[in-house]
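Trainee:
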Amino acid sequence: MRNVVSKTHSPTDYITVSELRDHLHITSNLDDAYILNLLNGVFDMASNYLGYQICKSTVDYFFKSGESLHIPARIVGVSSVKYRDSNGDLQTLSATDYDEVLTISANYGYDVTLINAPSSAYSYGWLYKVTVSEGFERETATADESKKFPYALRNAIFLLCEHFYTQRGTTVVGVSAFELPFGHEYILSPYKIMEFV
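Numbering follows my numbering, in which position 21 of the sequence shown is assigned residue number 1166; successive positions increment by one, without gaps.
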């Protein structure tokens, strides 16, 4: 189970309305509010398709048990690992009580392995809560390139925004249409998490 707590960055921290306007070959700013709405919606759709937040966000993952807590997402960093004691109160594990390991088994993910598991814990519902920064850093961030927003995802967002900008309805009448080879799904697929919590 997961819960998005807050978003550190918004879609416009990665792609501006002005950049999207240039991609759409629009010279007027009259449609800026609509374009911003499209951009926000496409980031949400792409995040749902990929299985994790694209915009850097604080996300809680909940686990019922386990010595190894697998998080199937793009993780920028682990903020805290907490458990519920025998009274149900949250207790924070020390950083020396667990180990973080990047896994490549399902495209990307993180395993938080408990070194010193709590001796007594709550026996109802979820037991562990792992709070992480999920998604991608901005291009200008001081971080490993693997943690920055990839150009390929940027291109996929442009393609999806263009599609929804030009096709504002649910049907197309009077034209022959075909799917673009190497379109947005081709670009998004390498970043997709193939398992979900």
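We treat Cβ as the ideally placed atom computed from N, Cα and C, and that holds for glycine. Given the structure is predicted, the values throughout are model-derived calculations rather than measurements.
Skipping 5 residues on each side, what residues in its chain have a beta carbon closer than 7 Å to that of residue 1306?
Mentor: The answer, listed in chain order, is 1165, 1183, 1184 and 1187.
Trainee: Unbroken beta strand (DSSP E) runs of length 3 or more, entirely within the region 1175 to 1253: which are they?
Mentor: List check, beta strand (DSSP E) in window: 1202 to 1208, 1213 to 1216, 1220 to 1229, 1235 to 1237 and 1243 to 1248.
Trainee: Can you list, in chain order, the residues of its chain whose CB lies under 8 Å from that of residue 1212, leaving out five sequence neighbours each side?
Mentor: Same-chain partners within the cutoff: 1258, 1259 and 1262.
Trainee: My understanding is that residue 1265 touches residue 1231, with C-beta atoms under 8 Å, so please give their C-beta distance in whole angstroms.
Mentor: Their Cβ separation, rounded to whole angstroms, is 4 Å, which keeps residue 1265 and residue 1231 in contact under 8 Å.
Trainee: My output table needs one value for residue 1276: the three-state DSSP class, helix, strand or coil.
Mentor: In the structure shown, residue 1276 sits in a strand (DSSP, three-state: E or B).
Trainee: With DSSP as the reference, label residue 1294 as helix, strand or coil.
Mentor: Residue 1294: coil per DSSP, three-state reduction.
Trainee: The alpha helix (DSSP H) with residue 1151 in it runs from where to where?
Mentor: Counting along the chain, residue 1151 falls outside any alpha helix (DSSP H), though it belongs to the beta strand (DSSP E) covering 1147 to 1152.
Trainee: Looking at the structure shown, is residue 1256 part of a helix, part of a strand, or coil, going by DSSP?
Mentor: Residue 1256: strand per DSSP, three-state reduction.
Trainee: To which residues does DSSP link residue 1282 through a beta bridge?
Mentor: BP columns for residue 1282 point to 1293.
Trainee: Less than 8 Å between the CB atoms is what I'm expecting for residue 1280 and residue 1221, so what's the real figure, rounded?
Mentor: Going by Cβ atoms, the distance from residue 1280 to residue 1221 rounds to 7 Å, so yes, they are a contact pair.
Trainee: Within 10 angstroms of the Cβ of residue 1170, are there 16 or more other Cβ atoms? Answer buried if so, exposed if not.
Mentor: Exposed, since its Cβ has fewer than 16 Cβ neighbours within 10 Å.
Trainee: Evaluate residue 1156 with the Cβ neighbour count: other Cβ atoms within 10 Å of its Cβ, from every protein chain shown; 16 or more gives buried, anything less gives exposed.
Mentor: Its Cβ being crowded by 16 or more others within 10 Å, residue 1156 is buried.
Trainee: Would you kindly report the start and end of the unbroken alpha helix (DSSP H) that includes residue 1165?
Mentor: Residues 1162 to 1168.
Trainee: Please report how far the alpha carbon of residue 1214 lies from the alpha carbon of residue 1192, in whole angstroms.
Mentor: Cα to Cα, residue 1214 sits roughly 22 Å from residue 1192.
Trainee: I need the straight-line Cα distance from residue 1158 to residue 1333, nearest angstrom please.
Mentor: Taking the straight line joining both Cα atoms gives about 19 Å.
Trainee: Taking the continuous alpha helix (DSSP H) assigned at residue 1331, which residues delimit it?
Mentor: Start and end: 1329 to 1333.
Trainee: From residue 1297 to residue 1175, what distance separates their C-alpha atoms?
Mentor: Going by the C-alpha atoms only, they are around 28 Å apart.
Trainee: Could you pull out every residue in the same chain whose Cβ sits closer than 7 Å to the Cβ of residue 1225, ignoring the five residues on either side in sequence?
Mentor: Excluding residues within five positions, the ones whose Cβ falls inside 7 Å are 1237 and 1276.
Trainee: Between residue 1246 and residue 1256, is the Cβ-Cβ spacing less than 8 Å?
Mentor: Yes; because the gap between Cβ atoms is below 8 Å, this pair is in contact.
Trainee: Quick one: measure Cβ to Cβ for residue 1272 and residue 1229, integer angstroms, because I've assumed they're closer than 8 Å.
Mentor: 6 Å between Cβ atoms; contact.
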